[in-house]
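Residue numbers (our numbering), protein chains in the order written: chain G, 1 to 262; chain L, 1001 to 1121; chain C, 2001 to 2235; chain D, 3001 to 3513.
Idealized CB from N, CA, C, for every residue including glycine.
Fair warning: this is a prediction, and the values are worked out from it, not measured in the lab.
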C-alpha cells in the first residue's frame, strides 16, 4: 500500500503542471495524465467502480473531445484599428490592402490569421504585453523604441482640409496626427479647421459630409505606413520584412495598392 | 495517515482549481480548472471511508478485513457523469463564442460583449 | 484588458489559501469514517447484487441514477442541437490515417467492444456497469472513425435508426422505473427476484437497467464524439 | 406515492417528447393536467396530516432517498405548475422544437422533485440537472451574447455545486447519512462541533449561487435578461426559487437564522440599488428578482410562524407577478425592438394593448398596492417580524421596489389604445393577472384566518401607502442622477472571488451564531 501516498502526492503536482501550461494542448494532456493518476488513486482507495468510470469518462472521453475541439495549428494574432481601404470589416469579412499582406504572411507561415479590432491607442499596450503578434491599421512609422517596426509598405498621400470661407484662407495648415476617431469627430462637429492628414485618416473622413471644406492633395510623400511588432517577435519581424521586400521587388505591392486605392 | 491523505490532497486540489479558474484567461483552461474542482470534491468523498487495509465493497465480505463504505462510491459515479456533461456542453458553447469573437480569451470576449451592448445604466 | 493588478492577485491568492486552510482545519478528518457498513451489506443482500456499489447505484438510490441519465441525455441533446445547427464544414477531411491506427483499429476495436459488453452485463457482479461500458464502447468507435470517417461508421451503425434506439432506451429506463408505481407497489422498488448472488441472472432489475443505460450511453457518447470529430479544430 | 409520481410523469414526458418528436404541445398539456390532478390529491391528503413521507424503493430510513410533502413543497409545486401553464399558453402560437418542450419538462420535473426531496445528494443531482436544463434554455436562441451570459451562468453555478459537494462530504463523514432529518438529529446532538459551521457555510454558499443571493449571483441578471421571455419567466419563477427551497431545507439542519437575515438584507438592499439605477426593462426585472429573494430569506430567518407563512405566500406572489411582467415586457420589447426604457417610453403607443395592461397589473402587484398580491403577502410577512431593524430593512426594500418601478409609469400615459395582440399572450396574461388580482381570496384557502387577519388592519395599509410615497420620493430624487455602480463584478474572475468572499461571510456568521 505504499503506492497510494506517492500517487496522492503526485496529484496536486500534475494538476498545477497542467493548469500552468501556456499551450492548450499541453494543458489538456496534462489533465488527462491527472485523470489517470486520479483513477489509479481510486483503485488503491478500494473504489474500483469509481476508478473505471473516471478512467473511461474523465481520462478518455473528456480528453478526446477537448483535443478534437482545439486547433492544432498556431495563430497569427493581429490587433488593428479599422481603417477603410487598409483593413476594414465589410459584410462579415475583412478586406483591405494591409489585410492582404497579412494573409500572405499567414499563408507562408502556415498559421491561421486572427484579426481583432481595437481602438488605435490600445495597440501599443497590447503588443507590449505580448497579447498579440502584430499591430496594423494605418500606423505611421514611428520611432517608438519599445517596439519593432517592419519596413514601410505604403507611402501616404497628404491632404489638406480647410474650412471654406474667409477665415480659412489666412490659416496655415497644421499637421493633424490625432487618432482616426478624433479626426472624424472634428469633421463631424464641423469645427473651423485647416489641417493636413494622411491617407488613412483622409479615407476615413471622406465618408463624412465634406461640403463645408476645401480638400486638396499635396504631392509630397513624407511619411509611410508600417506594421508594428512586439519586441520579442524577432523571427516574425524577419519573415515579414522578407515578404514586404519580395513583394515590392516583384511589383505585387504596387498592383495591390492600385487595386485598393483606384 | 499523515498529511498525504485523500481529504487533505483533495482540498489542496480544490485550491489549485480555484486559482486556475481565476488566473487563466483562456476559456478552455478555465473549463479544465472547473473540471478539477469537481474531481477534487469527488476524491474527497471517495477518501472518506478508505482504509489502507480495507476491502473493496463486494460480497461476501472477507472475514479479516473491513469493507469500505460503498455509499460515497455510488453517489460519486453520478457526480463524475455530471462533471462530464458540464464540460462537454461548456466546450460547445466556447466553440460558438469563438465563431463570433475569434478568441477564447475570457476578458476579451467580455469587452467585445460589453461594447456591443447598449448602455443600460 | 490589463493584466490582473497586484492587489487583485494578492486577494485571490489569500482567498484561496484561506479557504483551503479553513477546510483542512475544520474538516476534522481523523482516519476513515466510523460509519457502519452493515446496513449496506444488508441492502446488497436484499438486492441480490455482489457489487454493493451497483446495488446502491441502481436500487437503493435509483432516483439519483435516473436523474444522472437525464443529465447525460441533456448533454448529448445540447451538443447535437448546437453543433448540428452550425452546419458542418462542407468537406470534413478524414483524420490523417496512419498504418498504426489502421492496425490498431482492426485489432483493438473488437476487443474494446467486448470489454464494454462484459463491463456492462457484469455490472452487478464486478466493477463497472452500464455507464462505463457505454462510454468505453462509444469512445472506442473514435478509433473506427479515425480510419473510415464518421459518416461511414454512422452508416454502418444505421444512422437515423440509431437516434430512435437512443431515445427508446431512455424511455425504457423510465418505463421500467415507473412499473412498480403502475402496479401499486412502493415507487422505485425492485419487482424482480434477487436470485442467487453471483449468478448472471441475479440482482433483480440491475442487469436490465445496466443494459438499457449501457445502450443509451453508448449511442450518446458516439453522438458526442461524432459531432466533435466533424467540428474539430474550431477553437 | 404522489410525491414521486409528480416528477416521474414529467421525466417520462420528456423522454416521450424526444422519442415521438411530434405533438409535443399536446403531451405537455396532458402532463400538466395529470400533474394538477396529482397535486390536488396530495393537497387533500395534506389536509388531514402535517406531512406525507415516502421512502423511495421501500428501503430503511437513513439509506433510502427520503421524499416529504409538506407545506413548503405544496406551495412551490403549485407555483411551478401555474407558471408551466402560463408558459405553455404564452408560447402556444410560437414555432418551437420538441427540444424546447423536453427542456421545459425537465425544468418542471426537477422543480417538482426539488421541492419534495429531503436528501442532500439527491438535491445536488437535481440542482445540476436544473442548471443544465436552464443553461440550454437560456442559450436557446443561439445569439452570441446569450451564449456568453449562459456560459458564465454554467461556470459559476458549477463552481457553487462543487462547494456543495464538498459540504456533502463533510456532512457524510461526520454523520454517515444523507437524509436531512437524520443529519438534523445528529447536529442537534452536538451543536458545538467544529465541522458544523464549515459544512453549513459550504452547503449554503453552494446553494446561494443558484438561489440568486446577490453576493453570490452577480452574474445572474445578465443571464435572465438575455433569455427569451417565457424562459426568463421560468428562470425567475422556478429555477431561482429551487435554490431558495434548498436553503429552507438546510435551515432545518443548521441554525441559519442569522445567516439568512444578513444575506437577505444585503441581497435585498444591494439589488434594489442596482434595480433603481437600471434603465433596461428586462434587466430591471432581473435585478428586482434578486431583491425579492432578500424578502424571502428575511421572512424565513425571522423565525416566527407568520413570517414564514408570509415568505411562502410572497414566493408565490412574486413568482406570479414577475412572470407576468417578464412575459409582457418581452412582448413590448419585441414590438418596439428594444428593451431600453427610454425607447419604450418614446414609442409607448406601439406597445400592444394586452402587454400594456399586463404590465400595469404586474406593477400594481409588485409595488404592494392594497389589496393585490404584493400587498397581501408583504403584510403577512411583516406582521411576523418583530425586530425594528428588520422592519426598517423590509420597508426600505419595499420603497426601493416602488422607486425602481416608478420608471415604468410614463408607459401608461397614453391615449392610444394600442393595437390588439395575440390571443395566446392574452390568455397567459389573463391567467397570471387574474391570480395577481385575486391573490388575497386565493391565499385565504391556504393560510389560517388568524394570520390572514393581519392584512386587514390599518397599520398594514398605512405601511403600504407609506412605502409607495417614499418610493415615489426616491424616484424623484435619483431620476437623472446616474450612479456609477461596479460592473466588473459580473465577470467570471471577480465572480469566483466574490463567491469565495461570500463563503467567508457565511462562515463568520455561522461561527458567531
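In chain order, what residues of the same chain lie with their CB nearer than 7 Å to the CB of residue i, ignoring the 5 residues before and after it?
i	result
residue 259 of chain G	none
residue 3262 of chain D	3509
residue 3195 of chain D	3170, 3174
residue 3177 of chain D	3062, 3183
Can you name the residues of chain C whose CB is closer than 8 Å to the CB of residue i?
i	result
residue 3099 of chain D	2077, 2081
Tell me which same chain residues have a C-beta within less than 6 Å of the C-beta of residue i, skipping the five on either side of it?
i	result
residue 250 of chain G	none
residue 2170 of chain C	2073, 2216
residue 3042 of chain D	3002, 3069
residue 226 of chain G	141, 149, 150, 152
residue 1105 of chain L	1025
residue 2210 of chain C	2120, 2123, 2129, 2130
residue 168 of chain G	With a pLDDT of 49 at residue 168 of chain G, under the threshold of 50, the predicted position of this residue should be treated as unreliable, though the coordinate-derived value follows. Cβ neighbours of residue 168 of chain G beyond the five flanking positions: 162, 194.
residue 1004 of chain L	none
residue 1057 of chain L	1067, 1068, 1070
Using 10 angstroms around the beta-carbon of residue i, count the other beta-carbons present and answer buried if the total reaches 16, otherwise exposed.
i	result
residue 218 of chain G	exposed
residue 3305 of chain D	exposed
residue 13 of chain G	exposed
residue 3352 of chain D	buried
residue 3047 of chain D	exposed
residue 330 of chain G	Residue 330 of chain G lies beyond the residue range present for chain G, which begins at 1 and ends at 262; the question has no answer from this structure.
residue 3141 of chain D	exposed
residue 2038 of chain C	exposed
residue 3049 of chain D	exposed
residue 3078 of chain D	buried
residue 3356 of chain D	buried
residue 3518 of chain D	Since the first and last residues shown for chain D are 3001 and 3513, residue 3518 of chain D lies out of range.
residue 2127 of chain C	buried
residue 245 of chain G	exposed
residue 3434 of chain D	exposed
residue 2200 of chain C	exposed
Below 9 Å on C-beta distance, what does residue i contact in chain D?
i	result
residue 2230 of chain C	Those within 9 Å of residue 2230 of chain C in chain D number zero; the least Cβ separation is about 18 Å.
residue 1108 of chain L	Residues of chain D passing the Cβ test: none, with the nearest at roughly 11 Å.
Once you ignore the five residues that flank residue i on each side, which residues in its own chain have a CB closer than 8 Å to its CB?
i	result
residue 3506 of chain D	3200, 3201, 3204, 3205, 3208, 3259, 3263
residue 8 of chain G	41
List, in order along the chain, the chain L residues whose C-beta lies closer than 7 Å to that of residue i?
i	result
residue 2197 of chain C	1059
residue 24 of chain G	1026, 1028, 1029
Please list the partners that residue i has in chain C, where partner means a Cβ-to-Cβ separation under 7 Å.
i	result
residue 64 of chain G	2139, 2142, 2225
residue 1004 of chain L	In chain order: nothing, as chain C lies at least about 12 Å away.
Could you name the residues of chain G that residue i contacts, counting a contact when the two beta carbons are closer than 8 Å?
i	result
residue 2234 of chain C	69, 71
residue 1080 of chain L	50, 53, 54, 57, 58
Starting from residue i, find everything on chain D with Cβ-Cβ shorter than 7 Å and list it in chain order.
i	result
residue 2151 of chain C	The contacting residues do not exist; residue 2151 of chain C stays about 23 Å from chain D at best.
Interface residues of chain C around residue i at Cβ under 9 Å?
i	result
residue 1089 of chain L	2074, 2075, 2078, 2079, 2082
Below 8 Å on C-beta distance, what does residue i contact in chain L?
i	result
residue 309 of chain G	Beyond the ends of chain G as shown, which are 1 and 262, falls residue 309 of chain G; an answer cannot be given.
Report task. Kindly provide the ranges of any alpha helix (DSSP H) runs that are 4 or more residues long and lie completely inside the region 2036-2072 of chain C, ordered along the chain. Result -> 2038-2047, 2052-2055
Query raised in the report: At which residue ranges does the region 3144-3215 of chain D contain complete alpha helix (DSSP H) runs of 4 or more residues, listed in the order of the chain?
Result: Scanning the region 3144-3215 of chain D for uninterrupted alpha helix (DSSP H) segments of 4 residues or longer gives 3144-3175, 3180-3189, 3195-3211, listed from N- to C-terminal end.
Requested in this report: Determine which residues of the region 3130-3142 of chain D have a Cβ less than 9 Å from any Cβ of chain L, and write them out in chain order.
Outcome: 3131, 3132, 3135, 3136, 3139, 3142
**Report entry** Contiguous alpha helix (DSSP H) assignments of at least 4 residues, all confined to the region 2158-2211 of chain C
**Finding:** 2159-2182
Requested in this report: Taking only beta carbons into account, state which residues of the region 2052-2069 of chain C come closer than 7 Å to chain L, listed in chain order.
Outcome: Along the region 2052-2069 of chain C, the positions whose C-beta sits under 7 Å from a C-beta of chain L are 2052, 2053, 2056, 2057, 2061, 2064, 2065, 2068, read in chain order.
Query - Residues within the region 3142-3155 of chain D neighbouring chain L, beta-carbon criterion of under 8 Å - result: 3142, 3144, 3145, 3147, 3148, 3150, 3151, 3154, 3155
Query raised in the report: Looking at chain C, which residues of the region 43-64 of chain G have a Cβ within less than 7 Å of any of its Cβ atoms?
Result: 48, 49, 52, 53, 56, 57, 60, 61, 64
Report task. Closer than 9 Å, Cβ to Cβ, to anything on chain D: give me those residues from the region 1009-1023 of chain L, in chain order. Result -> 1010, 1011, 1014, 1017, 1018, 1021, 1022, 1023
Report task. Please list the residues of the region 3004-3032 of chain D that have a C-beta atom closer than 8 Å to any C-beta atom in chain C, keeping them in chain order. Result -> 3004, 3005, 3008, 3011, 3012, 3014, 3015, 3016, 3018, 3019
Query raised in the report: Taking a cut of 8 Å between CB atoms, which residues from the region 3058-3082 of chain D lie near chain C?
Result: 3058, 3059, 3060, 3062, 3063, 3064, 3065
Query raised in the report: Taking any Cβ of chain D, which residues in the region 1060-1076 of chain L have a Cβ under 7 Å from it, in chain order?
Result: 1072, 1075
**Report entry** Uninterrupted alpha helix (DSSP H) stretches inside the region 3352-3410 of chain D (no shorter than 4 residues)
**Finding:** The DSSP assignment places 3353-3366, 3373-3383, 3388-3405 as complete runs of the alpha helix (DSSP H) inside the region 3352-3410 of chain D, in order along the chain (cut-off: 4 residues).
**Report entry** Members of the region 1031-1059 of chain L near chain D, C-beta cut-off 8 Å
**Finding:** 1031, 1034, 1037, 1038, 1040, 1041, 1042, 1044, 1045, 1048
Query raised in the report: Residue ranges of each alpha helix (DSSP H) run of no fewer than 4 residues wholly in the region 114-162 of chain G, ordered along the chain?
Result: You should have 123-129.
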